[in-house]
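Colleague: Protein chains in written order, with our numbering: chain W, 28 to 140; chain Y, 28 to 140.
Just so you know, even glycine gets a beta-carbon here, dropped at the ideal spot from N, CA and C.
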DNA sequence: CACCATATGTAGCGACGATATATATAGGTA
DNA sequence: TACCTATATATATCGTCGCTACATATGGTG
């Protein structure tokens, strides 16, 4: 959770798909999600936890994910989130939009250099 | 300037590189920039002019572009923007960041579906 | 004990894109 | 003439998102 490699403006709008993708396979808790995104991106996307939690609430309010408190003996309480049916349906649509955006950006802005 | 195809959250952070790229070849005025982005993206990125102008001011204040009023007989006044030396240096860096973001997104979020 | 990683949360800020609205002119058409 | 559309720039206001900073608390390690 240290360096911010990619400019912050670039990252706006990335968190949703990232979170949904992380939750695709199995439920995770917030801190774990942040860690996974950091690891899988090779440290390039440093997801500030303070940004993550509000986003998790938003996604839950929207009905795409569902959180459940889990308390185990000798462990802090954690809130595990899983994809809802709506969220599982939204994910491929989000991915399609992202691929489209990428295609456009590559065509209009990234062809030169 | 009609339909918004891509979700608005996705588009956050796209305008900078798009504008700089449009200005790479030659100076353009605001309205022209919006039209070009719309055309070149095949209508997928609909750049609301009301969002464009504030961004142009920000880029000018940052020293990446420079605006100049041009008045021709029988034409409205237009403000033409061109890349400054700083802007011309910033463009490839922005592109590199964007390509990196795309690489990460494809790896972490877009591999499935 | 001190320190760090883990774990969740809030407060406040700035950037960005959206909608709505305003102003003004050139050109085409009924 | 009156009306409409495209062109062209601009502001005001709003919601969202990511950031920094801060707060709180526990488990594990030196």
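How big is the Cα-Cα spacing for residue 61(W) and residue 76(W)?
Modeller: As a working mapping, residue 61(W) is identified with position 34 in the first chain. As a working mapping, residue 76(W) is identified with position 49 in the first chain. Residue 61(W) and residue 76(W): Cα-Cα distance of roughly 6 angstroms.
Colleague: Which of the residues in the stretch 103-133 of chain W, read from start to end, lie with their CB under 9 angstroms from any CB of chain Y?
Modeller: Residues passing the 9 angstroms Cβ filter: 118, 119, 121, 122, 123, 124, 125, 126, 127, 128, 129, 130, 131, 132, 133.
Colleague: Within 8 angstroms, do at least three Cβ pairs link the stretch 108-125 of chain W to the stretch 101-119 of chain Y?
Modeller: The stretch 101-119 of chain Y vs the stretch 108-125 of chain W: no contact.
Colleague: Can you round the beta-carbon distance between residue 128(W) and residue 33(Y) to whole angstroms, since I take them to be within the 8 angstroms contact cut?
Modeller: The sequence position of residue 128(W) within the first chain is 101, counting from 1. The sequence position of residue 33(Y) within the second chain is 6, counting from 1. Right, their Cβ atoms sit about 6 angstroms apart.
Colleague: Have a look at residue 68(W) and residue 37(W) and give me their C-alpha separation to the nearest angstrom.
Modeller: By one-based count along the first chain, residue 68(W) stands at place 41. By one-based count along the first chain, residue 37(W) stands at place 10. The alpha-carbon atoms of residue 68(W) and residue 37(W) are separated by roughly 15 angstroms.
Colleague: Looking at chain W, which residues of the stretch 62-78 of chain Y have a Cβ within less than 7 angstroms of any of its Cβ atoms?
Modeller: So the close ones are 64, 67, 68, 71, 72.
Colleague: Taking 8 angstroms as the threshold (beta carbon to beta carbon), is residue 50(W) in contact with chain Y?
Modeller: By 1-based counting over the first chain, the position of residue 50(W) is 23. No, its Cβ sits nowhere closer than 8 angstroms to a Cβ of chain Y.
Colleague: Confirm, please, whether the CB-CB distance from residue 135(W) to residue 64(Y) is below 8 angstroms.
Modeller: Position 37 of the second chain, counted from the first residue, corresponds to residue 64(Y). Position 108 of the first chain, counted from the first residue, corresponds to residue 135(W). It is a contact, given that the beta carbons lie within the stated cut-off.
Colleague: Find the residues of chain Y that neighbour residue 59(W), judging by a C-beta separation of less than 7 angstroms, and give them in chain order.
Modeller: In the first chain, counting from the first residue as 1, residue 59(W) sits at position 32. None at all; the shortest Cβ gap to chain Y is about 14 angstroms.
Colleague: Give me the chain Y residues within the contact set of residue 33(W), using Cβ-Cβ distance strictly less than 7 angstroms, ordered along the chain.
Modeller: Here residue 33(W) refers to the residue found at position 6 of the first chain. Simply 124, 127, 128.
Colleague: Return the Cβ separation of residue 90(Y) and residue 107(Y) in integer angstroms, given the expectation that the two are a contact with Cβ distance under 8 angstroms.
Modeller: Within the second chain, the letter at position 63 stands for residue 90(Y). Within the second chain, the letter at position 80 stands for residue 107(Y). With a Cβ gap of about 17 angstroms, residue 90(Y) and residue 107(Y) do not count as contacting.
Colleague: Using a C-beta cutoff of 8 angstroms, does residue 139(Y) count as contacting chain W?
Modeller: Numbered from 1 along the second chain, position 112 holds the residue referred to as residue 139(Y). Yes, its Cβ sits closer than 8 angstroms to a Cβ of chain W.
Colleague: For chain W, find out if any of its Cβ atoms is closer than 8 angstroms to the Cβ of residue 87(Y); answer yes or no.
Modeller: Mapped onto the second chain, residue 87(Y) falls at position 60. Not an interface residue.
Colleague: State yes or no: is the C-beta of residue 125(W) within less than 8 angstroms of the C-beta of residue 72(W)?
Modeller: Position 98 of the first chain, counting from 1, holds the residue named residue 125(W). Position 45 of the first chain, counting from 1, holds the residue named residue 72(W). Not closer than 8 angstroms, so no.
Colleague: Would you please state the rounded distance, in angstroms, between the beta carbons of residue 74(W) and residue 42(W)? I believe it to be under 8 angstroms.
Modeller: The residue you call residue 74(W) lines up with position 47 of the first chain. The residue you call residue 42(W) lines up with position 15 of the first chain. Their Cβ separation, rounded to whole angstroms, is 7 angstroms, which keeps residue 74(W) and residue 42(W) in contact under 8 angstroms.
Colleague: Just verifying my parser: in three-state terms, what is the DSSP assignment at residue 53(Y)?
Modeller: The residue you call residue 53(Y) lines up with position 26 of the second chain. Three-state DSSP puts residue 53(Y) in coil, outside helix and strand.
Colleague: Should residue 29(Y) be flagged as near chain W, meaning a C-beta pair shorter than 8 angstroms?
Modeller: Looking up residue 29(Y) in the second chain gives position 2. Interpretation of residue 29(Y) is limited by its pLDDT of 42, a score under 50 that renders its predicted location unreliable; the figure taken from the coordinates is listed afterwards. For residue 29(Y), the answer is no, since every Cβ of chain W falls outside 8 angstroms of its Cβ.
Colleague: Where does residue 88(Y) fall in DSSP's three states?
Modeller: To locate residue 88(Y), count along the second chain from 1; it is residue 61. Helix.
Colleague: Would you say residue 98(W) lies against chain Y (beta-carbon separation less than 8 angstroms)?
Modeller: Residue mapping note: residue 98(W) aligns to position 71 of the first chain, counting from 1. No, its Cβ sits nowhere closer than 8 angstroms to a Cβ of chain Y.
Colleague: For residue 97(Y), list the residues DSSP reports as bridge partners.
Modeller: For the purposes of this step, residue 97(Y) is identified with residue 70 of the second chain, where counting begins at 1. Its beta-bridge partners are 105(Y).
Colleague: Compute the Euclidean distance between the alpha carbons of residue 133(W) and residue 85(W), then round it to the nearest angstrom.
Modeller: Locating residue 133(W) in the first chain gives position 106, where the first residue counts as 1. Locating residue 85(W) in the first chain gives position 58, where the first residue counts as 1. If you take the alpha carbons of residue 133(W) and residue 85(W), they lie about 30 angstroms apart.
Colleague: Could you tell me how far apart the beta carbons of residue 139(W) and residue 51(Y) are, in whole angstroms, since I believe they sit closer than 8 angstroms?
Modeller: Here the question's residue 139(W) lines up with position 112 in the first chain. Here the question's residue 51(Y) lines up with position 24 in the second chain. Confirmed, about 6 angstroms.
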